[in-house]
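Take a look at the structure below.
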Amino acid sequence: MKSKRVIKRLSIMTVGFVLALLFVSPVFILVNSSFKSLQDIYINVLALPKQLSFQNYTKAFKEMDYVKAFMNSFAITCISTALIILISSMAAWVLVRYKTRTSKILFLMFAAVQLIPFQCVMLPLVDIMSKLHLMNRPGLVFMYMGFGCAMSIILFHGFIKNIPIELEEAAIIDGCNMVQTFINIVLPLLKGIIATVAVINVMWIWNDFLLPSLVINKNGMQTLPLRTYLFFGQFTKKWDLATASLMLCMIPIVLFYLSCQKYIVKGITAGVGK
Amino acid sequence: MKKSKKGFFLFMAPALVAFTLVQLIPTVMGIGYSFTDWNGISKAKHFVGVQNYITILTSDLSFRNAFIFTFLFSVCAVISVNLIGFVLATLVTQRIKGVNFLRGIFFMPNLIGGILLGFTWQFIFVQVFEAIGKKLDILWLRGWLTDQRTGFLGLLIVVTWQLSGYMMMIYIAQLQNIPEDVLEAAELDNAVGWNRMRYIILPLMMPAFTIGLFLSISNAFKLFDQNLSLTGGGPVNSTQMLALNIYTTAFGENRFGLAQAKAVIFMIVVMAISIIQLSITKRREVEA
Numbered sequence: 001m002k003s004k005r006v007i008k009r010l011s012i013m014t015v016g017f018v019l020a021l022l023f024v025s026p027v028f029i030l031v032n033s034s035f036k037s038l039q040d041i042y043i044n045v046l047a048l049p050k051q052l053s054f055q056n057y058t059k060a061f062k063e064m065d066y067v068k069a070f071m072n073s074f075a076i077t078c079i080s081t082a083l084i085i086l087i088s089s090m091a092a093w094v095l096v097r098y099k100t101r102t103s104k105i106l107f108l109m110f111a112a113v114q115l116i117p118f119q120c121v122m123l124p125l126v127d128i129m130s131k132l133h134l135m136n137r138p139g140l141v142f143m144y145m146g147f148g149c150a151m152s153i154i155l156f157h158g159f160i161k162n163i164p165i166e167l168e169e170a171a172i173i174d175g176c177n178m179v180q181t182f183i184n185i186v187l188p189l190l191k192g193i194i195a196t197v198a199v200i201n202v203m204w205i206w207n208d209f210l211l212p213s214l215v216i217n218k219n220g221m222q223t224l225p226l227r228t229y230l231f232f233g234q235f236t237k238k239w240d241l242a243t244a245s246l247m248l249c250m251i252p253i254v255l256f257y258l259s260c261q262k263y264i265v266k267g268i269t270a271g272v273g274k
Numbered sequence: 001m002k003k004s005k006k007g008f009f010l011f012m013a014p015a016l017v018a019f020t021l022v023q024l025i026p027t028v029m030g031i032g033y034s035f036t037d038w039n040g041i042s043k044a045k046h047f048v049g050v051q052n053y054i055t056i057l058t059s060d061l062s063f064r065n066a067f068i069f070t071f072l073f074s075v076c077a078v079i080s081v082n083l084i085g086f087v088l089a090t091l092v093t094q095r096i097k098g099v100n101f102l103r104g105i106f107f108m109p110n111l112i113g114g115i116l117l118g119f120t121w122q123f124i125f126v127q128v129f130e131a132i133g134k135k136l137d138i139l140w141l142r143g144w145l146t147d148q149r150t151g152f153l154g155l156l157i158v159v160t161w162q163l164s165g166y167m168m169m170i171y172i173a174q175l176q177n178i179p180e181d182v183l184e185a186a187e188l189d190n191a192v193g194w195n196r197m198r199y200i201i202l203p204l205m206m207p208a209f210t211i212g213l214f215l216s217i218s219n220a221f222k223l224f225d226q227n228l229s230l231t232g233g234g235p236v237n238s239t240q241m242l243a244l245n246i247y248t249t250a251f252g253e254n255r256f257g258l259a260q261a262k263a264v265i266f267m268i269v270v271m272a273i274s275i276i277q278l279s280i281t282k283r284r285e286v287e288a
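So the sequence lines, in the order shown, correspond to chains A and B. Just so we're aligned: 171 in UniProt numbering is position 171 of the first sequence, and the numbers increase by one with no gaps anywhere. Just so we're aligned: 25 in UniProt numbering is position 25 of the second sequence, and the numbers increase by one with no gaps anywhere.
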């Protein structure tokens with residue numbers, strides 16, 4: 001009986017690790033190829049590199065203007081996320097605390113727009129934004145605020161609902177106005193959910209392609225996904241540089257994942273079990 | 001708390017302004033533009049009534065093909081993503097060593113953006129599959145992404161690879177929500193193995209299936225980045241999905257009005273499918 005259970009457990013483990021191997025193999029092959037010369041890739045794509053050379057990386061790094069693209073991505077992602085968190089926590093707080101018909105309708109509206117595909121708004125949006133002279137990086141940040149706030153408001157809303165109102169009432173009695181109450185009492189209580197909302201927004205904004213390609217597709221302004229796309233257009237058959245550039249773009253996201261794993265899992269499962 | 005209207009709107013204002021300018025007004029304008037012959041460049045937009053919709057429904061073959069492709073793709077992707085996601089979730093909730101490591105590995109592809117994913121797999125399909133097929137003389141591994149069938153399968157593999165880890169996370173959360181005593185009671189009633197899965201676990205998993213199906217349907221239907229970077233819609237538009245079709249109609253052919261009409265149809269279809277799915281699966285949710 002016991003040995004049967006051990007065998008069962010071992011076989012489950014084997015299946016798990018075989019599947020894991022299958023899952024990482026594309027990335028594995030990519031890493032392997034990124035250290036090889038183009039000729040070696042064509043001769044035998046699966047063979048190990050002859051020597052450990054970072055030549056592809058230094059070349060790709062320079063040719064895709066990596067530092068600039070990284071800084072653009074980094075600044076746009078951080079600023080947008082910070083602003084989304086600020087405006088959606090403010091909005092969610094009053095939506096919870098004011099139980100009026102207006103707040104109910106607004107909340108339903110934020111939930112409903114989740115279903116509208118981006119393709120449906122993209123042409124008029126670009127039209128409006130170019131009239132407002134917002135076809136630049138600050139304009140892109142503003143658009144991310146518009147697209148990101150609905151989901152974030154819903155997440156904050158669910159969290160604030162469970163915070164007792166007494167603390168806030170006490171603060172008001174002590175003479176705090178709304179702004180002071182929000183900053184001193186409410187925001188500190190939101191710490192846990194802020195991390196989750198931040199991670200969710202960082203993930204989609206960092207990887208977003210279509211919106212920046214419509215808004216800031218000019219030299220010097222591009223984000224990493226845009227540079228990768230351009231780079232591939234220019235070097236479609238240069239797989240040595242291409243694989244290295246793909247690796248360069250994946251590394252920041254993997255590092256981010258390893259450092260925020262806990263919050264990522266929380267963010268995904270926020271809606272489950274409710 | 002003193003409830004002043006001013007305070008409410010003061011706190012709502014930033015989110016509401018951004019949201020209105022970026023999503024609400026463009027949506028309404030977009031519906032309006034779909035009745036015009038706007039070409040995206042000239043200022044002139046002439047009202048043409050439902051002409052764009054008639055064109056799409058009667059003579060636009062590219063849209064019809066993209067629609068069929070997207071529909072078939074979504075059906076297959078939703079099944080494979082959720083099935084594999086569920087299998088992975090049951091696997092990593094067993095009492096075995098290394099489950100956290102396995103979870104991390106299965107989830108990882110999800111973090112990589114669609115453009116990078118498409119290019120990565122393009123390399124795998126075009127270079128690696130080809131090389132292996134050539135060496136071992138396996139015919140079906142060769143010539144990937146050069147016809148509709150392998151383009152379809154390629155996209156399916158990419159999306160399954162990307163999304164099943166995400167679904168796994170959702171299903172893990174729900175599996176861990178199932179109370180221990182329910183499972184013990186089931187065991188006493190001799191519900192084990194398949195019976196336990198069919199009559200105890202699956203019904204209790206319904207809330208997670210509601211979310212999993214909703215997310216995978218909308219992800220599959222709206223797929224754009226992976227489509228653009230993996231096949232670019234080719235060869236000869238045979239793997240073009242709806243989002244990419246709308247994009248090409250607008251920026252490739254400069255027919256913004258027509259593209260906008262397609263986008264409105266797209267929106268209606270996405271909403272209808274999501275609402276039907278939510279109402280069906282919601283009804284099947286049970287309490288433990």
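All C-beta atoms in this analysis are idealised placements derived from N, C-alpha and C, irrespective of residue type, glycine included.
Close Cβ partners of residue i (< 8 angstroms) along its chain, the five nearest in sequence each way excluded
i, result
"A:Val141", "Ile76, Ile79, Ser80 and Leu83"
"A:Leu167", "Ile185 and Leu189"
"B:Thr160", "Ala77, Ser80, Val81 and Ile84"
"A:Leu248", "Tyr57, Ala60, Phe61, Met64 and Tyr66"
"B:Phe107", "Gly165, Tyr166, Met168 and Met169"
"A:Met221", "Asn72, Asn136 and Arg137"
"A:Val24", "none"
8 angstroms contact criterion, which residue i and residue j should meet: CB distance rounded
i, j, result
"B:Ile246", "B:Phe266", "6 angstroms"
"B:Thr239", "B:Thr231", "4 angstroms"
"A:Met13", "A:Phe231", "Not quite, the Cβ-Cβ distance comes to about 40 angstroms (not below 8 angstroms), so this is no contact."
"A:Met151", "B:Ala18", "Rounded, the Cβ-Cβ distance is 13 angstroms, inconsistent with contact."
"A:Ile154", "A:Ala111", "6 angstroms"
"B:Phe8", "A:Tyr98", "5 angstroms"
"B:Gln23", "A:Val121", "6 angstroms"
"B:Ser274", "B:Ser218", "6 angstroms"
"B:Ala89", "B:Leu175", "6 angstroms"
Contacts around residue i, its chain only, beta-carbon distance under 6 angstroms, and the 5 residues preceding and following it disregarded
i, result
"B:Thr135", "It is Lys, not Thr, that sits at residue 135 of chain B in the sequence shown. Counting only Cβ-Cβ distances below 6 angstroms, and skipping sequence neighbours, we find nothing."
"B:Thr150", "Trp144"
"B:Phe125", "Trp144, Leu145 and Gly154"
"A:Leu187", "none"
"A:Phe159", "Ile193"
"A:Ile253", "none"
"A:Leu46", "none"
Residues that residue i bridges to, as DSSP identifies them
i, result
"B:Thr231", "None; B:Thr231 has no bridge partner."
"A:Thr77", "For A:Thr77, which the question treats as bridged, DSSP gives no partner whatsoever."
"B:Thr36", "B:Phe47"
Neighbourhood of residue i by C-beta distance below 7 angstroms, restricted to the same chain and skipping five residues each side
i, result
"A:Ile268", "none"
"B:Arg284", "Met206"
"B:Thr27", "none"
"B:Ala263", "Gly30 and Ile246"
"A:Ile116", "none"
"A:Phe107", "Leu95 and His157"
"A:Ser245", "Ala60, Met64, Thr228 and Phe231"
Going along the chain, which residues of the stretch 220–248 of chain A sit with their C-beta nearer than 8 angstroms to a C-beta in chain B?
-> Across the stretch 220–248 of chain A, CB contacts with chain B closer than 8 angstroms involve Pro225, Thr228, Tyr229, Phe232, Trp239, Ala242, Thr243 and Leu246, in sequence order along the chain.
Within the chosen definition, does the stretch 78–98 of chain A reach the stretch 239–248 of chain A through at least 3 CB pairs nearer than 8 angstroms?
-> In short, these stretches do not touch, since the Cβ pair count stays below three.
Using a Cβ-Cβ cut-off of less than 8 angstroms, give me the residues of the stretch 5–20 of chain A that come near chain B, in sequence order.
-> The residues in question are Arg9, Ile12, Met13, Val15, Gly16, Phe17, Leu19 and Ala20.
With 7 angstroms as the C-beta to C-beta threshold (strictly closer), list the residues of the stretch 109–126 of chain A near chain B in chain order.
-> The residues in question are Val113, Leu115, Ile116, Pro117, Gln119, Cys120, Val121, Leu123, Pro124 and Leu125.
Got a sec: which bits of the stretch 186–211 of chain A sit with their beta carbon under 8 angstroms from any beta carbon on chain B, in order along the chain?
-> Hits within the stretch, in order: Met203, Trp206, Asn207, Asp208, Phe209 and Leu210.
What residues in the stretch 130–156 of chain B have a beta carbon less than 9 angstroms from any beta carbon of chain A?
-> Under the 9 angstroms Cβ criterion, the stretch 130–156 of chain B contributes Glu130, Ala131, Ile132 and Lys135.
With a cut-off of 8 angstroms, do at least 3 Cβ pairs link the stretch 97–111 of chain B to the stretch 208–219 of chain A?
-> The answer is no - the stretch 208–219 of chain A does not touch the stretch 97–111 of chain B, with fewer than three Cβ pairs under 8 angstroms.
Can you give me, in chain order, the residues of the stretch 149–166 of chain A that have a beta carbon less than 8 angstroms from any beta carbon in chain B?
-> The stretch 149–166 of chain A vs chain B, Cβ under 8 angstroms: Cys149, Ala150, Ile153 and Ile165.
With a cut-off of 8 angstroms, do at least 3 Cβ pairs link the stretch 189–202 of chain B to the stretch 252–260 of chain B?
-> In this structure the stretch 189–202 of chain B does not touch the stretch 252–260 of chain B; the number of beta carbon pairs closer than 8 angstroms is below three.
Near-chain A residues of the stretch 253–268 of chain B - C-beta to any C-beta below 7 angstroms | Contact annotation: in the stretch 253–268 of chain B, residues whose CB is within less than 7 angstroms of a CB in chain A are Phe256, Ala259, Gln260, Ala263, Val264, Phe266 and Met267.
Stretch pair the stretch 223–230 of chain B + the stretch 195–204 of chain A: three plus CB contacts closer than 8 angstroms | The stretch 223–230 of chain B is not in contact with the stretch 195–204 of chain A.
Interface residues of the stretch 166–184 of chain B facing chain A [CB-CB below 7 angstroms] | Within the stretch 166–184 of chain B, the residues whose Cβ lies closer than 7 angstroms to some Cβ of chain A are Tyr166, Met169, Ile170, Ala173, Gln174 and Asn177, listed in chain order.
Note down, in chain order, all residues in the stretch 12–40 of chain B with a beta-carbon under 9 angstroms from any beta-carbon belonging to chain A.
-> Here the close residues are Met12, Ala13, Pro14, Ala15, Leu16, Val17, Ala18, Phe19, Thr20, Leu21, Val22, Gln23, Leu24, Ile25, Pro26, Thr27, Val28, Met29, Gly30, Ile31, Gly32, Tyr33, Trp38 and Gly40.
Using a Cβ-Cβ cut-off of less than 8 angstroms, list which residues of the stretch 116–128 of chain B approach chain A; keep chain order.
-> Residues of the stretch 116–128 of chain B that bring their beta carbon within less than 8 angstroms of a beta carbon in chain A comprise Leu116, Phe119, Thr120, Trp121, Phe123, Ile124, Gln127 and Val128, in sequence order.
Any chance the stretch 29–47 of chain A sits against the stretch 109–127 of chain B, with 3 or more Cβ pairs inside 8 angstroms?
-> When Cβ pairs closer than 8 angstroms are counted between the two stretches, the stretch 29–47 of chain A is seen to touch the stretch 109–127 of chain B, the count reaching three or more.
Could you list the residues in the stretch 71–95 of chain A with a C-beta less than 7 angstroms from some C-beta on chain B, going in chain order?
-> Going along the stretch 71–95 of chain A in chain order, one finds Ile87, Ser88, Met90, Ala91, Trp93 and Val94 with a Cβ nearer than 7 angstroms to chain B.
Using Cβ-Cβ distances below 9 angstroms, what residues of the stretch 220–237 of chain B are close to chain A?
-> From the stretch 220–237 of chain B, only Phe221, Lys222, Phe224, Asp225, Leu228 and Ser229 have a Cβ closer than 9 angstroms to chain A.
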